[in-house]
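Student: Here you go, one structure.
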Amino acid sequence: MIEIPSDLHKDLVPLAFLLGNWAGAGVHDFPGSEKCNFGQEVSFTHDGRDFLEYHSHTWVLDNDGNKVRPLESESGFWRIDADRKVEITMVRDDGVIEIWYGEMADKKPQIDLVTDAVARTAASQPYSGGKRLYGYVKSDLMWVGEKQTPEVELRPYMSAHLKKVVTPEDVERWAKALPDDMPDDGIAFFK
């Protein structure tokens with residue numbers, strides 16, 4: 000279910016499907032790095048201004064699905080214009096700062112992105128750009144990332160399937176929105 004908060008900046012309505020907290024798992028595989036399954040928590044929030052604030056944390060999972068150690072963290076700001084063009088400023092824990100541009104697909108919640116600018120600290124690993132695809136599919140958030148370095152051509156390196164995290168506040172808000180004439184036994188509701 001996509002909710003559009005009343006205080007969401009009007010320009011951000013096309014990105015409303017991203018809002019909230021998400022959690023799930025995915026696969027990481029890039030030459031020179033450990034191939035692994037990872038867990039991920041993502042949040043998209045807003046404060047009424049014309050951007051979404053984004054935070055992502057990933058960690059390596061063992062074969063039983065337990066957290067082993069941090070993998071990557073990134074934070075940024077997402078904007079969209081009237082032509083459905085998306086721009087993102089992002090900072091990653093490995094010393095990379097990126098500017099991403101892309102666009103939202105017509106008539107569906109899908110965003111294609113590509114890096115426009117990359118800045119790296121002296122301590123960061125080689126990295127020269129990337130592409131990402133985000134999509135809202137059957138109430139889940141899915142994404143795939145590609146990256147390239149001076150030594151490795153652009154190729155997929157991470158993808159994840161995330162579920163919306165439901166909070167007690169969400170349940171309370173949904174309960175208050177139920178109609179007053181709900182059947183007592185619950186069965187009549189499905190007839």
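Residue 2 in numbering that gives the first Met the number 0 sits at position 3 of the sequence shown, and the numbers go up by one each step.
A virtual CB, placed ideally from N, CA and C, is assigned to each residue, including glycine.
List the endpoints of the continuous beta strand (DSSP E) containing Q124.
Tutor: Stepping through the sequence shown from its first residue, residue 124 is reached at position 125. That residue, Q124, is in no beta strand (DSSP E); it is neither H nor E in DSSP.
Student: Who are the near neighbours of I87 in its chain, counting only those whose CB is closer than 6 Å to its CB and skipping five residues on each side?
Tutor: To locate residue 87, count along the sequence shown from 1; it is residue 88. So the list reads G75, W77, W99, once near-sequence residues are dropped.
Student: Ignoring anything shorter than 3 residues, give me the beta strand (DSSP E) runs that lie fully in the segment 44-130, in order along the chain.
Tutor: Entirely contained in the segment 44-130, the beta strand (DSSP E) runs reaching 3 residues are, in chain order, 51-60, 66-79, 84-91, 95-103, 109-119.
Student: Cα-Cα, which of P108, F29, D61, V95 is closest to L153?
Tutor: Here residue 153 is taken as the residue at index 154 of the sequence shown, counted from 1. When only C-alpha atoms are compared, the closest one is F29.
Student: List the endpoints of the continuous beta strand (DSSP E) containing P155.
Tutor: Counted from its first residue, the sequence shown places residue 155 at position 156. Counting along the chain, the beta strand (DSSP E) containing P155 begins and ends at 154-163.
Student: Between D63, G19, G101, which lies nearest to C35 when the distance is taken from Cα to Cα?
Tutor: If you number the sequence shown from 1, residue 35 lands on position 36. The shortest C-alpha separation from C35 is found at D63.
Student: Could you check which residue in V164, L11, L161 has the C-alpha nearest to that of D80?
Tutor: Translated into positions along the sequence shown, residue 80 becomes position 81. The shortest Cα separation from D80 among V164, L11, L161 belongs to L11.
Student: Below 8 Å on the Cβ atoms is my guess for S55 versus N20; work out the distance and round it to an integer in Å.
Tutor: In the sequence shown, residue 55 corresponds to position 56, counting from 1. In the sequence shown, residue 20 corresponds to position 21, counting from 1. The Cβ separation is near 11 Å, so there is no contact.
Student: What is the DSSP secondary structure of V12, reduced to helix, strand or coil?
Tutor: Residue numbering aside, residue 12 sits at position 13 when the sequence shown is read from its first letter. DSSP places V12 in helix when its eight states are reduced to three.
Student: Helix, strand or coil for E150? Go by DSSP, reduced to three states.
Tutor: Translated into positions along the sequence shown, residue 150 becomes position 151. Three-state DSSP puts E150 in coil, outside helix and strand.
Student: For the beta strand (DSSP E) containing I31, list its first residue and its last residue.
Tutor: Along the sequence shown, read from residue 1 onward, the residue named residue 31 stands at position 32. The sequence given here places Gly at residue 31; Ile does not occur at that position. Counting along the chain, G31 falls outside any beta strand (DSSP E), and DSSP gives it neither H nor E.
Student: In three-state DSSP terms, what is E171?
Tutor: Counting from one through the sequence shown, the residue named residue 171 turns up at place 172. Helix, per DSSP.
Student: Could you check if T114 is buried or exposed, using at least 16 other CB atoms within 10 Å of its CB as the buried criterion?
Tutor: Looking up residue 114 in the sequence shown gives position 115. With 16 or more other Cβ atoms within 10 Å, it is buried.
Student: For Q109, which residues from the same chain have a beta carbon less than 6 Å from its beta carbon, with the 5 sequence-adjacent residues on both sides left out?
Tutor: Here residue 109 refers to the residue found at position 110 of the sequence shown. Excluding positions up to five away in sequence, the list reads G134.
Student: Would A22 and G38 qualify as a contact pair, given that the criterion is a beta-carbon distance under 9 Å?
Tutor: Position 23 of the sequence shown, counted from the first residue, corresponds to residue 22. Position 39 of the sequence shown, counted from the first residue, corresponds to residue 38. Contact flag set, yes.
Student: Drop a sphere of 10 angstroms on the beta-carbon of T166, count the other beta-carbons inside from all chains shown, and report buried for 16 or more, exposed for fewer.
Tutor: As a working mapping, residue 166 is identified with position 167 in the sequence shown. Exposed, since its Cβ has fewer than 16 Cβ neighbours within 10 Å.
Student: Give every residue of the same chain whose Cβ lies closer than 6 Å to the Cβ of S72, excluding the five residues on either side of it in the sequence, and list them in chain order.
Tutor: For the purposes of this step, residue 72 is taken as the residue at position 73 of the sequence shown. For S72, where only same-chain residues beyond five positions count, the Cβ hits under 6 Å are H56, D92.
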